[in-house]
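Enquirer: Submitted below is the structure of interest, expressed as structure tokens.
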Amino acid sequence: MKNFLRPVLPVLFILLLALPFGCSNNRENLRPGQPRLEEHDNRNIEQPKVAEPVLAWQSADRTLFMQAEQLIDFERDFRILTGNRREAYNINSFDQAYNSSWFTNRIGFVEFTPEQVLHDFGEVEGPDTSGVWTAFRPKVQGATPGFWIEDARGDQYIIKFDPPEYPELATGASAMGSRYFHACGYNVPQETIVLWRPEQLRIKAGVMFTDRSGVYREFVQSDLEDVLARIHKLPDGRIRSLASRVLDGKIVGPFSYDGRRKDDPNDWCPHEHRRELRGLYVVGSFINHYDLKDQNTLDSYVTEDGRSFVKHYLIDFGSTFGSNGDRPKSAKPGYANTFDLRDMLVSWFTLGLKKWGWEDARPQDAPYPSIGYFESEIFHPAKFDPIVPNPAFENKTSRDCFWGARIVMAWRDEHLKALIKAARFSDPNAEQYLLEILKERRDKIGRYWFNKVNPLDNFELDSDSAAGALRIRFSDLAVKYRLEEDGASRYQFEVKHKGKRLLRGDESSEQQVVIAANDVEELRTAFKGGKPSGTAADHLFEVSIRTKRNGGGAGKAVGVWIWYSPESDSFQIVGLDYQD
Amino acid sequence: MRLIRILFITFCIFLLTDLCRADQASQNDPTTASSDSLDTTLPQYPGKSFGSYMLDVPEVILSSPIYVVKGISWFAIEGIYRNGTLRRIVNQFVAFEPVEGFKPVISYGSNKGLRYGAGWEFFDTFKQGDDLFIKGSYSTNEYQKHSIKYSAPSIFSRDAGLKLLLQYQTRTRESFYGLGNDSRNEDKVSYYLEESVVSATTRWRTARGLAVEVTGGWIRSNTFDGKSTQYVNSLDSSKTLLGLTDLDLANAQFLRIGGTIELDWRDNKGQPSRGGQESVSVTYSKGIGDSDDLSYITTRAEAAHYFNLYHKRIIALRLIAQSIDVKGDVPVIPFQFRSGLGDANLLRGYTTNRFIDNDLTAAAIEYRWPIWDLLDAFIFAEAGRVYGSITKEFTLKNWHESIGTGLRLWNRDGVILLLQGAFGEDDTQFYLELGGEW
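Keeping their order, the protein sequence lines are chains A and B. For the first sequence, this note's numbering assigns the number 33 to the initial residue and increments by one for each residue that follows. For the second sequence, this note's numbering assigns the number -7 to the initial residue and increments by one for each residue that follows.
In structure tokens:
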């Protein structure tokens, strides 16, 4: 027996060590008052160094080594085994991400109109096409040609084009992608479709660059003509382009989806544990942004309101919707990593009997070249995969995904129409097709992730009822977004104090919980009675609400934390706890 | 750039020097003068070549652990250099821009050891679209291979091309197990093969995948005692036991002419899932010089078919038959020109030419399935046997079987890399090679 235990003991020891970490909670302390909304990570700092990571190596690391490292991360393993994954760090007591240098709560959390989808970017809508553009730098890298320009106002943009075979594809996807992520709360460069005439373009004298053949020479008119000869032009001679506004501040390299930036004192939270980066999995899956990798991010050292700090951007949305930059998306991207060791091993050892969803994809049947291959039938909200494994996504929990799904579901049809308008497609049928696909994908996302977490939100406590009862109103998001029929869902609740159940309510089909006056008195008694610990736990009551759908069993609970203040004899909601 | 060109030209000069010296050694040898002087001793292989001196590696390295990894067929960085996809992957990590035309050759094989070399490729030399490739290589075990290849796919018309080949090679540690389907592993001996080839091939293609080839050329082959230190027996001591004549072993020369009809209707050359590839070839070989009393016809038929079960889960079938028809009452054909079974492409569970006789039949079935975009796994079973005469002895009994598994990396032009392991009656074979036949 001793011999048997000897090899097992170190493993048990490690698991025991992991236990306290496994049970730790990232939630900020529950206290009465307004929940924290700001991260305050815009403190004045010294300019960080320009980070130049070997991005190809990072991709290889994510693809090959990260999965092995995760396997020997015992704390993580223990959490997964016990169903207690680490929740995001940067969330407040209401499970919301803070406003920060990474993210601003917009659609889904504050009122955000379809008009704002189109025009919330700022004071200008793309470059000024009424005056001369001065090209001051050619873009020689990348699949499609382009150049940097300065317009008559002095604003600088990168001008990008569609390949001649697929007009509107990449520029349309980028213009929509940029607006979409902005509306969702992320920092992005403004990207706008612009129609202009070649005659308005001039070359800045004396600009030197290294051409494709490696020769360092002056940027001349023939280079510009060479670029313009290879792009799609409209019948009236105008050129359709994407104008990507150059970011403000000093670019200090990309950010990483894991770890922290060591030379940024504001960067306190490991990126893989940031809510907005984990939830980006769902937000990105909606428009099929399968290229969410370090290479498509940028940090910029900006000065706002007299403070200089690092602001974090998502960039390059050419690989979204049905586009793959210079051509339509092929079958696999969006459904699987380009190189996924886990999938490969499964395929290998099952002798190919395992069939992947993307194998049914038929990109050749895509009806509109301007949209590319973008579909909603094969799409599965939990099987979306970027081309490179993303550490933030590898750590996501159902709560992170529910947070993302709340944002996606807030995109109503009018918002989607406004988004599509930004692409300025020439074919109304293509617009309608895209709208239908987006609606179907959105509802799939809602159905799936709202089923993983009890999707109740917008809690309000009404304690002024004449009868002395407490009424907690809420909104069932599945019903609100018509994923479930109104009246077909029933809600039941129980109230706990210090882990002990005090009372259990009757089922109701109304989106509210009513604690009767005599039951409220019982809560007061529970506060006064027993042994006071002198901690917040004395004041906190958890109203745990479960939802039954279509006559089925009760689903997961959402805990509504209520704080009792004896001085004013009042109750206040101080936090939410979504069961994962 | 200039330095590389100078080095390359120097290398070519030494290559030609070696080639002349090796052939001269066999011509001067008195034992090659008569084919019926059975008691004479065998010729000795030529002395060390320039390349061998250059690459002389201490025995300690030759006997290092990597050398005992048996059966790794060959692996050449040359392939990475040539292949655009692999090069793009490598370029993600290191700046790797090839010098235009220059092709390095590095490979490893358990028999040949480490092989080094260089080549230079010239395009549009004589005609638009042609390709002239001069290459030479030596190995630590004195294998050497030098060649000049010229290819012009559209020299006569849009669909009619020409290929020219001038090649000299030595293989110092080859294995011979005796003739016949029942040859024993214990009887294997080591031999040294020296071979020179000159050939010209014209090829006509049609739009429907039909191609006709006509080939003519000259081949000379010498065999000597092998240099492998692993075998006790030598070719000399075994020749009586194995029924060999001196003609088998030295200075066999032939003129050849032949034709091939090929129908290739595969849907994809790298991952064929539908269609097939069939070919029939007939080659007439006429002995000259010491071999002028010998002539024979080699006929080979080959068919491969592919069936897509679903979503690129593929069944691939292959059948091969080859027969040698000897003309007149003449000595037997040198063993190295006969039909051989066993290598990385056919009867993979056996070493190269494990079974040799006049005729052969073989069949293979593979199940292939994708595990990544350009990577398929496969399992296979195959069987084959050799005969003195297929028409008189054909039977389904005593076929040698081989099973195995592997991975194939491909692109639409063909197989890029093949890694496979196979089990046969003698041993287990592992192969890592660039390219693949089917």
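C-beta atoms are modelled at their ideal positions from N, C-alpha and C, and glycine is treated no differently.
Are the CB atoms of Ile191 of chain A and Ser273 of chain A nearer to each other than 7 Å?
Expert: Yes, they are a contact pair.
Enquirer: Check the C-beta distance from Leu233 of chain A over to Arg270 of chain A and give it rounded, since I have them as a contact under 8 Å.
Expert: About 12 Å separates the two Cβ atoms, so there is no contact after all.
Enquirer: Can you check which of these residues, A:Pro146, A:Asp326, A:Lys282, is closest to Ala454 of chain A by C-alpha distance?
Expert: Closest option to Ala454 of chain A, Cα to Cα, is A:Pro146.
Enquirer: Starting from Trp402 of chain B, find everything on chain A with Cβ-Cβ shorter than 8 Å and list it in chain order.
Expert: Within 8 Å Cβ-Cβ: nothing; Trp402 of chain B doesn't reach chain A, min ~15 Å.
Enquirer: If you measure between the beta carbons of Glu539 of chain A and Gln524 of chain A, is that distance less than 7 Å?
Expert: Taking 7 Å as the Cβ cut-off, Glu539 of chain A and Gln524 of chain A qualify as a contacting pair.
Enquirer: Anything in the region 365 to 377 of chain B with a Cβ closer than 8 Å to a Cβ of chain D? List those residues in chain order, please.
Expert: The displayed structure is made up of protein chains A and B, and chain D is not among them.
Enquirer: Below 8 Å between beta carbons is the criterion; list the residues of the region 106 to 117 of chain B that meet it against any residue of chain A, in chain order.
Expert: Cβ contacts with chain A: none found.
Enquirer: By a C-beta neighbour count over all protein chains shown, 10 Å radius and 16 as the cutoff for buried, is Ala25 of chain B buried or exposed?
Expert: Annotation note: pLDDT 34 at Ala25 of chain B (below 50); position unreliable, coordinate value reported separately. So Ala25 of chain B counts as exposed.
Enquirer: Using the rule of at least 16 other Cβ atoms within 10 Å of the residue's Cβ for burial, across every protein chain shown, is Tyr513 of chain A buried or exposed?
Expert: Flag for Tyr513 of chain A reads buried.
Enquirer: Gly389 of chain A to Gly366 of chain A, Cα distance in whole Å?
Expert: Distance between the alpha carbons of Gly389 of chain A and Gly366 of chain A: 11 Å.
Enquirer: By the three-class DSSP mapping on this structure, what secondary structure does Asn131 of chain A have?
Expert: Asn131 of chain A: strand per DSSP, three-state reduction.
Enquirer: Would you please verify whether the beta carbon of Trp180 of chain A is less than 7 Å from any beta carbon of chain B?
Expert: Chain B, which has no Cβ nearer than 7 Å to the Cβ of Trp180 of chain A, makes this no.
Enquirer: How do the region 514 to 522 of chain A and the region 571 to 591 of chain A stand: do at least 3 beta-carbon pairs fall below 8 Å, yes or no?
Expert: The answer is yes - the region 571 to 591 of chain A touches the region 514 to 522 of chain A, with three or more Cβ pairs under 8 Å.
Enquirer: Quick check: is the beta carbon of Arg266 of chain B nearer than 7 Å to any beta carbon in chain A?
Expert: Judged by the 7 Å Cβ criterion, Arg266 of chain B is not in contact with chain A.
Enquirer: Does the region 175 to 188 of chain B come close enough to the region 210 to 221 of chain B that 3 or more CB-CB pairs lie under 8 Å?
Expert: Judged by Cβ distances under 8 Å, the region 210 to 221 of chain B makes contact with the region 175 to 188 of chain B, as three or more pairs qualify.
Enquirer: Hey, Gly341 of chain B and Ala414 of chain B: beta-carbon distance below 7 Å or not?
Expert: Contact: yes.
Enquirer: For the alpha helix (DSSP H) containing Ala202 of chain A, list its first residue and its last residue.
Expert: 201 to 216 is the span of the alpha helix (DSSP H), which, as asked, contains Ala202 of chain A.
Enquirer: Per DSSP, Arg536 of chain A forms a beta bridge with which residues?
Expert: Note: Arg536 of chain A sits in a beta bridge opposite A:Glu526.
Enquirer: With a cut-off of 8 Å, do at least 3 Cβ pairs link the region 292 to 300 of chain B to the region 366 to 377 of chain B?
Expert: At 8 Å Cβ cutoff, the stretches do not touch.
Enquirer: Is there a C-beta anywhere in chain A that falls below 7 Å from the one on Ala408 of chain B?
Expert: Reading off the sequence, residue 408 of chain B comes out as Ile, not Ala. No, no contact with chain A.
Enquirer: On the three-pair Cβ rule with 8 Å, is the region 309 to 321 of chain B touching the region 350 to 359 of chain B?
Expert: Taking 8 Å as the limit for Cβ pairs, the verdict is that the region 350 to 359 of chain B does touch the region 309 to 321 of chain B.
Enquirer: Show which residues of chain A have a CB atom less than 7 Å away from the CB atom of Ile363 of chain B.
Expert: By Cβ distance, chain A contributes Met376, Ser379, Trp380.
Enquirer: Within the chosen definition, does the region 116 to 129 of chain A reach the region 195 to 203 of chain A through at least 3 CB pairs nearer than 8 Å?
Expert: As far as the Cβ criterion goes, the region 116 to 129 of chain A does not touch the region 195 to 203 of chain A, which means the pair count is below three.
Enquirer: Taking all protein chains shown into account, decide if Trp593 of chain A is buried (16 or more other Cβ within 10 angstroms of its Cβ) or exposed.
Expert: With 16 or more Cβ atoms within 10 Å of its Cβ, Trp593 of chain A is classed as buried.
Enquirer: Within the 7 Å Cβ cut-off, does Leu150 of chain B reach chain A?
Expert: The residue you asked about is not Leu; residue 150 of chain B is Arg in the sequence shown. So no, Arg150 of chain B is outside the interface.
Enquirer: Exposed or buried, what is Tyr345 of chain A when buried is set at 16 or more other beta-carbons lying within 10 Å of its beta-carbon?
Expert: Buried is the call here.
Enquirer: By the DSSP assignment, the beta strand (DSSP E) with Glu270 of chain B in it spans what residues?
Expert: Where Glu270 of chain B is concerned, the enclosing beta strand (DSSP E) stretches over 267 to 280.
Enquirer: Report all residues from its chain with a CB closer than 8 Å to the CB of Ser507 of chain A; omit the five preceding and five following residues, and keep chain order.
Expert: Answer for Ser507 of chain A: Leu488, Asp489, Asn490, Gln543, listed in chain order.
Enquirer: Less than 7 Å between the beta carbons of Lys343 of chain A and Ser133 of chain A, yes or no?
Expert: Going by C-beta atoms, Lys343 of chain A is nearer than 7 Å to Ser133 of chain A.
Enquirer: What residues in its chain sit with their C-beta under 8 Å from that of Asp601 of chain A, if we drop five residues either side in the sequence?
Expert: Once the five neighbours on either side are set aside, the close Cβ partners of Asp601 of chain A are Arg556.
Enquirer: Any residues in the region 284 to 312 of chain B with a beta carbon nearer than 7 Å to a beta carbon of chain A? Which ones, in chain order?
Expert: For the region 284 to 312 of chain B, which is checked against every Cβ of chain A, the residues closer than 7 Å are His303, Arg305.
Enquirer: Classify His321 of chain A: buried if its beta carbon has 16 or more other beta carbons within 10 angstroms, exposed otherwise.
Expert: Its Cβ being crowded by 16 or more others within 10 Å, His321 of chain A is buried.
Enquirer: What first and last residue would you give for the alpha helix (DSSP H) that runs through His138 of chain B?
Expert: Where His138 of chain B is concerned, there is no enclosing alpha helix (DSSP H), although the beta strand (DSSP E) it sits in stretches over 136 to 149.
Enquirer: Straight-line CA distance for Ser181 of chain A to Glu231 of chain A?
Expert: The amino acid at residue 181 of chain A is misidentified as Ser; the sequence shows Ile. Going by the C-alpha atoms only, they are around 14 Å apart.
Enquirer: Cβ of Pro286 of chain A within 7 Å of Cβ of Asp326 of chain A?
Expert: Yes.
Enquirer: For Ser9 of chain A, I'd like the list of residues in its chain whose CB is within less than 6 Å of its CB, leaving aside the five on either flank, ordered along the chain.
Expert: What the structure shows of chain A is the stretch from 33 to 612, and residue 9 of chain A is not part of that stretch, so it cannot be assessed.
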